[in-house]
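Read in order, the letters of the sequence shown are residues 9 to 346 in this note's numbering.
Note that CB positions come from ideal geometry on N, CA and C, so glycine has one too.
The structure presented is a predicted model; accordingly, all values stated were derived computationally and were not measured.
Read the structure below first, then the notes.
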Amino acid sequence: MIATLNRIAFFLIAAVFTAKAQLVTDDFNDGVIDTSKWGTSTFGSGTVTEDSGTLNLTNRGRIVCTTTFPLGIALDMRVTFSGAVSEEFKVVLRTDGAFGGAYGETLNGVVVALRPSVDKVEIIDFTAGGVYLQDVPYVLNTGLAYDLRITDDGSTLNVYVNDFTTPVATASTASNSGTKLSVYNREAYPPSNHITNIDHIRAVAYPLTEFQTWYESYHAGQGHQADPDADDNRNGLSNFAEFAFAVDLLSGQPMANILQAVSRNQLTYRRPKGKRLTYTLERKTSALETTWQTATPVTHYTETVVDEGTTELVQVNLTASPIARTYYRVRVAASAAP
Ligand SMILES: [Ca+2]
Ligand SMILES: [Ca+2]
Ligand SMILES: [Ca+2]
Numbered sequence: 009m010i011a012t013l014n015r016i017a018f019f020l021i022a023a024v025f026t027a028k029a030q031l032v033t034d035d036f037n038d039g040v041i042d043t044s045k046w047g048t049s050t051f052g053s054g055t056v057t058e059d060s061g062t063l064n065l066t067n068r069g070r071i072v073c074t075t076t077f078p079l080g081i082a083l084d085m086r087v088t089f090s091g092a093v094s095e096e097f098k099v100v101l102r103t104d105g106a107f108g109g110a111y112g113e114t115l116n117g118v119v120v121a122l123r124p125s126v127d128k129v130e131i132i133d134f135t136a137g138g139v140y141l142q143d144v145p146y147v148l149n150t151g152l153a154y155d156l157r158i159t160d161d162g163s164t165l166n167v168y169v170n171d172f173t174t175p176v177a178t179a180s181t182a183s184n185s186g187t188k189l190s191v192y193n194r195e196a197y198p199p200s201n202h203i204t205n206i207d208h209i210r211a212v213a214y215p216l217t218e219f220q221t222w223y224e225s226y227h228a229g230q231g232h233q234a235d236p237d238a239d240d241n242r243n244g245l246s247n248f249a250e251f252a253f254a255v256d257l258l259s260g261q262p263m264a265n266i267l268q269a270v271s272r273n274q275l276t277y278r279r280p281k282g283k284r285l286t287y288t289l290e291r292k293t294s295a296l297e298t299t300w301q302t303a304t305p306v307t308h309y310t311e312t313v314v315d316e317g318t319t320e321l322v323q324v325n326l327t328a329s330p331i332a333r334t335y336y337r338v339r340v341a342a343s344a345a346p
């Protein structure tokens with residue numbers, strides 16, 4: 009991503025760095041349970057396997073994510089029930105991950121239960137002693153894949169199944185027993201095997217970040233899975249960079265239209281207004297230098313910001329003595345907070 013001027017004066021490079029937004033992601037495709045992400049355990053005749061591209065919980069197979077989660081998370085996964093119908097599948101948030109009691113179930117946390125045996129979706133507060141917060145009818149068939157989304161802002165939980173616009177169940181509770189996430193089958197025993205196949209599991213902090221919300225505005229329901237480092241429209245600019253430089257995600261633009269050298273001594277770029285983004289002008293005077301230096305205001309440049317409504321145009325006027333080749337780039341980073 010290099011833009012050059014006539015009669016080479018300087019090069020312009022925009023570089024974007026951002027932390028991965030996803031707390032955990034797994035597609036279970038390599039046939040080996042990733043122990044850096046999942047702790048597994050069983051009760052009774054349960055098993056946990058990774059096979060045929062999914063994680064498979066048979067009878068009371070259980071997993072606990074090794075990640076420490078913030079209080080608010082959004083969790084996506086694809087769930088398919090196979091084997092015997094009598095099945096209760098549980099996702100536990102706000103838990104310490106401990107199992108116990110006579111049936112080896114979660115000891116605490118807020119549970120989202122899918123129950124094909126009775127065609128219900130439930131939200132149960134185990135921290136409060138097993139209080140049913142929601143208990144709604146929902147047909148769950150064996151052999152069909154269900155896209156499950158749970159959003160938890162630390163107070164209100166929404167459970168979506170296939171449709172990410174209208175929740176199937178909603179409940180609020182302040183209960184909080186820990187920073188872990190566990191997933192398990194309740195059915196513990198044969199004669200028939202009760203199997204839940206899990207795929208495409210992803211968790212992100214919730215509420216969504218500004219970047220994810222922006223992504224959602226182009227792809228309804230997909231903001232949770234927005235990958236800042238991906239290049240959806242393959243124009244050489246990461247999705248996050250398109251957000252940070254106020255580019256239309258769908259149409260895209262070449263780099264030269266984003267960070268522009270309007271003259272030998274001025275470059276401009278556009279950015280969205282009012283976002284928690286930090287822009288830093290950096291420079292180096294030789295392509296052989298491996299490190300960039302932060303440009304110093306006044307000494308190296310002055311800046312004029314033109315208000316354009318929802319965006320602003322930043323005019324960077326370079327004040328350093330012209331050197332045949334000085335390289336500039338704008339680095340942008342998102343603040344940790346949304
Ligand atoms: Ca794996
Ligand atoms: Ca898979
Ligand atoms: Ca792109």
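* For T114, which three-state DSSP category applies? -> It is a strand residue.
* Asked: In chain order, what residues have a CB nearer than 6 Å to some heavy atom of ligand 2?
  -> A residue is listed when its beta-carbon falls short of 6 Å from at least one non-hydrogen atom of ligand 2; in chain order these are D35, F36, N37, G61, T62 and D207.
* Asked: For ligand 3, which residues have a Cβ under 5 Å from at least one heavy atom, in chain order?
  -> In chain order, the residues with a C-beta atom nearer than 5 Å to some heavy atom of ligand 3 are D239, N241, N243 and L245.
* Inter-residue Cα distance where the pair is L165 and I158 -> Taking the straight line joining both Cα atoms gives about 7 Å.
* Please report the residue range of the beta strand (DSSP E) in which T310 lies. => T310 -> beta strand (DSSP E) spans Y309 to D315.
* Per DSSP, what kind of secondary structure is H202 in: helix, strand or coil? -> Here H202 sits in strand by DSSP.
* Assuming P124 contacts V93 under a Cβ cut-off of 8 Å, what Cβ separation, rounded to an integer in Å, is found between them? -> About 6 Å separates the CB atoms of P124 and V93; that is less than 8 Å, so the two are in contact.
* Which partner residues does G91 have in the DSSP bridge list? -> Answer is H202, bridged to G91.
* To do: Sort L65, T173, A254 and V32 by Cα distance to S53 and report the nearest one.
  => Ranked by Cα distance from S53, the first of L65, T173, A254 and V32 is L65.
* Asked: Among all the DSSP beta bridges, which residues are the ones paired with D133?
  -> Answer by DSSP bridge pairing, in chain order: V118 and V139.
* Spatial distance of T318 from S225 (CA atoms) -> T318 and S225: Cα-Cα distance of roughly 15 Å.
* To do: Reducing DSSP to helix, strand and coil, say where S225 ends up.
  => Looking at S225 - three-state DSSP - the assignment turns out to be helix.
* Are the CB atoms of L156 and R86 nearer to each other than 9 Å? -> Cβ distance < 9 Å, so L156 and R86 count as in contact.
* **8 Å contact criterion, which Y309 and V324 should meet: CB distance rounded** => So it is a contact: roughly 5 Å between Cβ atoms.
* **For V340 and L285, the rounded distance between their alpha carbons** => So the two alpha carbons sit approximately 7 Å from each other.
* Residues bridged to Y277 [DSSP beta-bridge criterion] -> Per DSSP, V322.
* In angstroms with no decimal places, state the Cα-to-Cα distance between W354 and R333. => Any question about residue 354 goes unanswered here, given that the chain covers just 9 to 346.
* For Q261, write down the residues that DSSP places opposite it in a beta bridge. => Beta-bridge analysis with DSSP links Q261 to no other residue.
* To do: To the nearest angstrom, report how far apart D240 and F248 are at their CA atoms.
  => So the alpha carbons of these two residues sit roughly 10 Å apart.
* Examine the Cβ distances between the region 168 to 175 and the region 133 to 145 and report whether three or more of them are shorter than 8 Å. => A contact is defined here as three or more CB-CB pairs under 8 Å, and the region 168 to 175 fails this definition with respect to the region 133 to 145.
* For T103, does the count of other Cβ atoms within 10 angstroms reach 16, so buried, or fall short, so exposed? -> By the neighbour-count criterion, in which 16 or more other beta carbons inside 10 Å mark a residue as buried, T103 falls on the buried side.
* According to DSSP, is N14 helix, strand or coil? -> The predicted position of N14 is uncertain, since its pLDDT is 29 and thus under 50; a value taken from the coordinates is nonetheless stated next. Residue state, collapsed to three classes: coil.
* Asked: What three-state label does DSSP hand F107 in the structure shown?
  -> F107: strand per DSSP, three-state reduction.
* **Distance, A182 Cα to S163 Cα** => Between the C-alpha atoms of S163 and A182 there is a straight-line separation of about 6 Å.
* Asked: Unbroken beta strand (DSSP E) runs of length 3 or more, entirely within the region 27 to 62: which are they?
  -> Every unbroken stretch of the beta strand (DSSP E) spanning 3 or more residues and falling wholly within the region 27 to 62 is given here in chain order: 30 to 34, 46 to 50 and 55 to 59.
* To do: Apply the 10 Å Cβ neighbour rule to G108 and answer buried if 16 or more other Cβ atoms are within range, or exposed otherwise.
  => Counting Cβ neighbours within 10 Å, G108 comes out exposed, since fewer than 16 surround it.
* Asked: Leaving out the 5 sequence neighbours to the left and right, which residues in its chain are closer than 7 Å to E316 when beta-carbon positions are compared?
  -> Cβ within range, chain order: n/a, list empty.
* Given 8 Å, three or more beta-carbon pairs between the region 214 to 225 and the region 109 to 122 -> No: fewer than three Cβ pairs fall under 8 Å.
* The alpha helix (DSSP H) spanning N247 covers which residue range? -> It spans N247 to A252 - the alpha helix (DSSP H) in which N247 sits, taken as one unbroken run.
* Asked: By how many angstroms is the C-alpha of L326 removed from the C-alpha of S271?
  -> S271 and L326 have their C-alpha atoms some 10 Å from each other.
* Asked: Is P78 near A213, with beta carbons less than 9 Å apart?
  -> Closer than 9 Å, so yes.
* **Neighbour-count burial assignment, V255, 16 or more Cβ in a 10 Å radius** => When all chains shown are included, V255 counts as buried.
* Of the choices G39, N149, E320 and E195, whose alpha-carbon is the least far from that of A110? -> Per the Cα distances, E195.
* **Member of H232, G231 and R279 whose CA lies at the smallest distance from the CA of E250** => Ranked by how close their Cα comes to the Cα of E250, the residues H232, G231 and R279 have R279 in first place.
* **Environment of Q230 [buried if 16+ CB atoms lie within 10 Å]** => Per the 10 Å Cβ criterion, exposed.
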